[in-house]
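Numbering-wise, the UniProt record's numbering puts 59 at position 59 of the sequence shown, and it's gapless, one number per residue. Cβ coordinates follow ideal geometry from the N, Cα and C atoms, glycine included.
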Amino acid sequence: MSNGEGGQRKGRKSSKLPVLPLEIQRKKTEIEEYLDSMEEKSTNKSRELLLPSKNTCLIRQAVIDLFASITTAIESHGSLLEKVERTIDDMTPVIMERRAQVKSLQQQVTELRSSQGKRGKTPVAKEKTSHPRSRFHNPDTCSRRKTTITSFIRHSRHGTPSA
């Protein structure tokens, strides 16, 4: 994306990774020069002050080892970064193909919905207006039943006189 390469990432590796080791190398040289000057100052002094010179050598070796391990870590990080970038570059065509497939499926869905018109909406199950037991609680049915029962009773009483 940098260096005007569009979607390419290859220009970024060469610009970022070598800069860090050069910076570290420069700092390492400055520290070594400082330690050398400290060592020279201590050798010019009396024999009592020569003991810090040995400490200075130990510190110097520790700093050199530290910078070596940092440089190694940066190099391994760089190779890991290269692997990640290669993986991204390898996966980019696959991702683009999947995006195209998704867009085509979305377009097909849109076309199907528009061709079906209002029926293209997701069908919702119709709710039953009456529960199976609601016929017993339906006032119309109850009044009809009452009428038939009362008329039966009337006819049975008045229809035949009991002796």
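(1) Write down the C-beta distance between L35 and R60 rounded to the nearest angstrom, noting that I regard them as a contact closer than 8 Å.
(2) For L105 and V94, I'd like the C-alpha separation in whole angstroms.
(3) Keeping to the same chain, check which residues put their C-beta closer than 7 Å to that of E33; ignore five residues upstream and five downstream.
(4) Can you list, in chain order, the residues of its chain with a C-beta nearer than 6 Å to that of G120? Leave out the 5 residues immediately preceding and following it.
(5) Hey, out of S37, E85, E30, R98, whose CA is closest to F67's CA?
(6) Please check the pair T92 and I24, which I expect to be a contact at CB under 8 Å, by giving their CB distance rounded to whole angstroms.
(7) Quick one: residues in its chain with C-beta nearer than 6 Å to the C-beta of S115, no 5 flanking neighbours on either side, listed in chain order?
(8) I64 and K28 - do their beta-carbons sit closer together than 9 Å?
(9) Distance, Cα to Cα, K83 vs S69?
(10) Quick check: the Cα distance between T56 and L81, rounded to an integer number of angstroms?
(11) Report the rounded CA-to-CA distance for T110 versus V102, giving the unit in angstroms.
(12) If you draw a straight line from the C-alpha of D90 to the C-alpha of A62, how long is it?
Once the coordinates are examined:
(1) 4 Å
(2) 17 Å
(3) none
(4) With a pLDDT of 48 at G120, under the threshold of 50, the modelled position of this residue cannot be trusted; read the value that follows with caution. Same-chain partners within the cutoff: R113.
(5) E30
(6) No, T92 and I24 are not in contact; Cβ-Cβ is about 33 Å, not under 8 Å.
(7) none
(8) yes
(9) 21 Å
(10) 37 Å
(11) 12 Å
(12) 42 Å
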